[in-house]
Amino acid sequence: MRNQRQIVDYALQRRALLGQLRAGRVSANDVCDAGPYLRRAAQFHGERTDHTCPVCRKSRLTLVAWVYGDELKHAAGSARKPDELERMANLFAEFTVYVVEVCDACGWNHLAMSYVLGTGEPGTRAPTPRTRSRRSATR
C-alpha cells in the first residue's frame with residue numbers, strides 16, 4: 358500500500374510467544390485457538406503466504422486484514438481483501454488495518470502488523486447519491 362503510516366510490527370511478540378510454546382510455558386491449545394469466523398475470513402478474504410505455520414508446520418499461513426475506524430460505519434470490524442483496502446484508502450480519511458496470520462490446519466493465529474490507511478484529509482469520502490425529497494418530486 359502506498360499510503361501506509363503508523364506501521365506496527367508484532368514480530369517480537371510473536372517470537373516471544375513461540376518461545377514460550379517451545380519451552381512448555383504455553384500450550385498449543387492456547388495459541389491455536391482461531392475461531393470459525395476468523396478461519397472463514399482467512400479462507401474467503403485472506404492472502405496465502407509462502408510461510409509455513411510455526412506450530413504445526415503442515416500448512417501455509419494466510420494473512421487476513423481487518424479494518425476499523427469511525428468513518429467506516431457498518432464496514433468497521435470486517436475482513437477485507439487487498440484490492441478492497443486500496444479502494445477504501447482512496448475513499449476514507451483514516452482507518453486502521455490489523456493483519457492477522459492464520460493457519461487453517463491447526464488454528465494458529467497471531468496479530469502480524471497494524472497500520473493506518475486513508476487519504477489523511479477529513480471529508481474526502483465520495484459523496485453518496487441523494488434521493489429526491491417528496492417535495493421536489495411533486496413539483
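Be aware that the sequence shown starts at 358, since it is given in the working numbering, and climbs by one per residue. Heads up, the beta-carbon is just placed ideally off N, CA and C, and yes, glycines get one too. All figures in this text were calculated on a predicted structure; none of them were measured in a lab.
1) Between Asp-336 and Arg-417, is the Cβ-Cβ spacing less than 8 Å?
2) Less than 8 Å separating the beta-carbons of Leu-374 and His-467?
3) Following the continuous alpha helix (DSSP H) through Tyr-394, name the residue where it begins and the one where it ends.
4) Taking Ala-388 as the reference, give the member of Val-424, Cys-413, Thr-453 and Gln-400 with the closest Cα.
5) Can you have a look at Leu-369 and say buried or exposed, based on whether 16 or more other CB atoms are within 10 angstroms of its CB?
6) From the DSSP output, read off the bridge partner residues of Thr-419.
7) Distance, Cα to Cα, Val-383 vs Leu-448?
From the atom records:
1) The structure shown does not extend to residue 336, since the chain is modelled only from 358 to 496, so the question has no answer here.
2) Residue numbering aside, residue 374 sits at position 17 when the sequence shown is read from its first letter. Residue numbering aside, residue 467 sits at position 110 when the sequence shown is read from its first letter. Cβ distance < 8 Å, so Leu-374 and His-467 count as in contact.
3) Here residue 394 refers to the residue found at position 37 of the sequence shown. Residues 393-402.
4) The count along the sequence shown starts at 1 and reaches residue 388 at position 31. It should be pointed out that residue 388 corresponds to Val in this sequence rather than to Ala. Nearest C-alpha to Val-388 among Val-424, Cys-413, Thr-453 and Gln-400: Cys-413.
5) One-based indexing of the sequence shown puts residue 369 at position 12. Leu-369 should be labelled exposed.
6) On the sequence shown, residue 419 is found 62 positions in, with the first residue counted as 1. The partner list for Thr-419 (beta bridge, DSSP) reads Arg-405 and Val-459.
7) Counted from its first residue, the sequence shown places residue 383 at position 26. Counted from its first residue, the sequence shown places residue 448 at position 91. Take the alpha-carbon of Val-383 and the one of Leu-448: they are about 42 Å apart.
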